[in-house]
Amino acid sequence: MSARNPTIVAAASMASSPGRGDGVLPSGGAACEEKLLRVGELARRTGKTARAIRFYEELGLVMPAKRTKGGFRQYSQDALVRIHWIDRLQELGFALAEIGDFLSALKEKDQGPAAMDALRVFYGRKLIETRSAIRRMQALEAEIIESLSYLSVCEHCAPETPRSACRTCSVEAHREHPQPALIAAVHFPG
Numbered sequence: 063m064s065a066r067n068p069t070i071v072a073a074a075s076m077a078s079s080p081g082r083g084d085g086v087l088p089s090g091g092a093a094c095e096e097k098l099l100r101v102g103e104l105a106r107r108t109g110k111t112a113r114a115i116r117f118y119e120e121l122g123l124v125m126p127a128k129r130t131k132g133g134f135r136q137y138s139q140d141a142l143v144r145i146h147w148i149d150r151l152q153e154l155g156f157a158l159a160e161i162g163d164f165l166s167a168l169k170e171k172d173q174g175p176a177a178m179d180a181l182r183v184f185y186g187r188k189l190i191e192t193r194s195a196i197r198r199m200q201a202l203e204a205e206i207i208e209s210l211s212y213l214s215v216c217e218h219c220a221p222e223t224p225r226s227a228c229r230t231c232s233v234e235a236h237r238e239h240p241q242p243a244l245i246a247a248v249h250f251p252g
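What the sequence shown shows, in this note's numbering, is residues 63 to 252, in sequence order.
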């Protein structure tokens with residue numbers, strides 16, 4: 063797939079950019095003075111708690127652009143992009159530790175092509191894992207469908223039939239097909 067998600071690419075690119083505490087790219091160049099966000103405002107705008115933002119900072123996932131004289135953290139607008147990127151990666155199955163390791167490694171990439179290659183490898187590994195998980199889920203789906211098909215015949219059994227009789231079911235449809243593994247354990251007493 064050649065489609066690129068600009069939010070994901072931009073957020074990942076922020077990790078290796080010089081000149082800021084968190085390595086984020088300036089949004090409008092040196093002449094642009096952006097509005098910085100305190101942790102509470104960043105939390106509100108991202109749907110996170112202030113504690114989650116601080117936890118992300120502890121993990122090195124997001125860093126304040128600066129601190130006030132009173133020690134309050136202030137975050138750039140790019141922190142919003144970074145946190146949304148982290149959320150999206152978590153939806154895709156990435157653990158925070160994986161994201162942190164990737165961002166740490168990405169900081170060493172000074173050239174754009176090297177950084178994008180690292181991102182390509184990062185996503186490529188997840189794609190392989192995802193495809194494997196899809197195959198496992200499809201196999202499970204087939205097993206569940208087979209079990210439901212087998213069980214549909216049971217709707218015609220007399221209500222007073224004991225569960226122990228299911229083990230040696232005399233219904234012709236069940237004799238023609240082996241009992242699915244998801245059904246077998248249910249017939250044991252207890």
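Even glycine gets a Cβ: it sits at the ideal position worked out from N, Cα and C.
None of the values given here were measured: they were computed from a predicted structure.
Residue i vs residue j beta-carbon contact at 8 angstroms
{"i": "T108", "j": "L142", "result": "yes"}
{"i": "F156", "j": "K188", "result": "yes"}
{"i": "P175", "j": "E208", "result": "no"}
{"i": "I161", "j": "L151", "result": "yes"}
{"i": "Y137", "j": "A127", "result": "yes"}
Range covered by the beta strand (DSSP E) that runs through residue i
{"i": "R135", "result": "R135 to Y137"}
Reduced DSSP secondary structure (H/G/I, E/B, other) of residue i
{"i": "L154", "result": "coil"}
{"i": "L98", "result": "coil"}
{"i": "K59", "result": "The chain is shown only over 63 to 252; residue 59 falls outside these bounds and no answer can be derived."}
{"i": "K188", "result": "helix"}
Closest by C-alpha distance to residue i, when choosing among the options
{"i": "G133", "options": "Y118, I190 and R100", "result": "R100"}
{"i": "M125", "options": "L98, H239, L151 and K131", "result": "L98"}
{"i": "R237", "options": "V215, L202 and E222", "result": "V215"}
{"i": "S211", "options": "P240, R135, A247 and T130", "result": "P240"}
{"i": "S226", "options": "A247, V183 and A235", "result": "A247"}
{"i": "I148", "options": "L123, R182, T130 and E203", "result": "L123"}
Cβ shell of residue i (< 6 angstroms), same chain only, five flanking positions each side left out
{"i": "I115", "result": "V101, L104 and A105"}
{"i": "V233", "result": "V215"}
Beta-carbon contacts of residue i that lie in its chain and below 8 angstroms, excluding the five residues immediately before and after
{"i": "A180", "result": "F164, A167, L168 and K171"}
{"i": "E205", "result": "P242, A243 and L244"}
Own chain partners of residue i with C-beta closer than 7 angstroms, once the 5 adjacent residues on each side are dropped
{"i": "A112", "result": "V101, G102 and A105"}
{"i": "F184", "result": "F164"}
{"i": "T130", "result": "Q136"}
{"i": "G186", "result": "none"}
{"i": "A235", "result": "V215"}
Span of the alpha helix (DSSP H) around residue i
{"i": "E120", "result": "A112 to E120"}
{"i": "H236", "result": "E234 to E238"}
{"i": "A246", "result": "A243 to A246"}
Residue i: CB within 7 angstroms of a non-hydrogen atom of the ligand HEM
{"i": "A159", "result": "Among the components modelled here there is no ligand, and therefore nothing to report on the ligand HEM."}
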